[in-house]
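What follows is a single structure, written as structure tokens, with notes after it.
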Amino acid sequence: MIEYIQKGGLLMWPILACSIISIAVFAERLFYLHRATIHVGEFLKGLSNLIQRRNFAEALHESAGTPGPVARVIHSAIIRHDSPRAELREIVQEAGQLEVPKLERFLGMLATLAFLAPLLGLLGTVAGMIDA
200 MIEYIQKGGL
210 LMWPILACSI
220 ISIAVFAERL
230 FYLHRATIHV
240 GEFLKGLSNL
250 IQRRNFAEAL
260 HESAGTPGPV
270 ARVIHSAIIR
280 HDSPRAELRE
290 IVQEAGQLEV
300 PKLERFLGML
310 ATLAFLAPLL
320 GLLGTVAGMI
330 DA
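Just add 199 to the spot in the sequence shown (first one is 1) and you have the numbering used here.
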């Protein structure tokens with residue numbers, strides 16, 4: 200592997216850096232999304248039962264103790280459970296919009312690296328052909 204990098208020339212090092220950074224971003228996103236994974240159906244069913252019994256304190260505790268974006272959005276709605284339906288809809292939409300950047304974190308960097316690495320490879324190929 201190191202032999203290929205040495206033979207590849209100067210542009211192999213930025214390509215290798217792109218690869219390492221991409222793998223790190225992928226691993227971080229995989230870990231974050233895996234940690235945030237819950238069984239949404241069971242979670243919502245349990246909260247629905249608590250809310251129907253008007254046990255908002257227990258529902259609040261359950262949503263606060265559950266990881267993930269769905270639980271945080273539901274938590275924001277339960278905190279303001281006495282608000283009118285239209286206001287609750289806005290609260291849930293705002294909470295959902297606050298979760299989107301957390302879910303999309305580093306994806307722009309990953310897209311840039313996915314675009315840049317092949318261009319660096321093509322540039323290296325052209326540079327190698329010129330040197331030959």
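No residue lacks a Cβ here, since even glycine has one placed at the ideal position from N, Cα and C.
Beta-carbon separation of residue i and residue j under 9 Å?
{"i": "residue 259", "j": "residue 274", "result": "yes"}
{"i": "residue 304", "j": "residue 228", "result": "yes"}
{"i": "residue 309", "j": "residue 225", "result": "yes"}
{"i": "residue 222", "j": "residue 265", "result": "no"}
{"i": "residue 217", "j": "residue 306", "result": "no"}
{"i": "residue 326", "j": "residue 209", "result": "yes"}
Report, in whole angstroms, the separation of the C-beta atoms of residue i and residue j, which I expect to be a contact under 8 Å.
{"i": "residue 270", "j": "residue 242", "result": "7 Å"}
{"i": "residue 211", "j": "residue 204", "result": "5 Å"}
Alpha carbon to alpha carbon, how far is residue i from residue j?
{"i": "residue 322", "j": "residue 292", "result": "45 Å"}
{"i": "residue 206", "j": "residue 328", "result": "13 Å"}
{"i": "residue 336", "j": "residue 301", "result": "What the structure shows of the chain is the stretch from 200 to 331, and residue 336 is not part of that stretch, so it cannot be assessed."}
{"i": "residue 312", "j": "residue 320", "result": "12 Å"}
{"i": "residue 263", "j": "residue 252", "result": "19 Å"}
{"i": "residue 284", "j": "residue 232", "result": "30 Å"}
{"i": "residue 247", "j": "residue 201", "result": "57 Å"}
{"i": "residue 272", "j": "residue 297", "result": "9 Å"}
{"i": "residue 245", "j": "residue 267", "result": "16 Å"}
{"i": "residue 317", "j": "residue 215", "result": "12 Å"}
Ordered along the chain, which non-local residues of its own chain (more than five positions away) have a Cβ less than 8 Å from that of residue i?
{"i": "residue 290", "result": "275, 276, 279 and 282"}
{"i": "residue 299", "result": "none"}
Apart from the five residues just before and just after residue i, which ones in its own chain have a Cβ nearer than 6 Å to its Cβ?
{"i": "residue 239", "result": "269"}
{"i": "residue 249", "result": "257 and 258"}
Spatial neighbours of residue i within its chain, please: CB distance less than 7 Å, with the 5 preceding and 5 following residues excluded, ordered by chain position.
{"i": "residue 213", "result": "319"}
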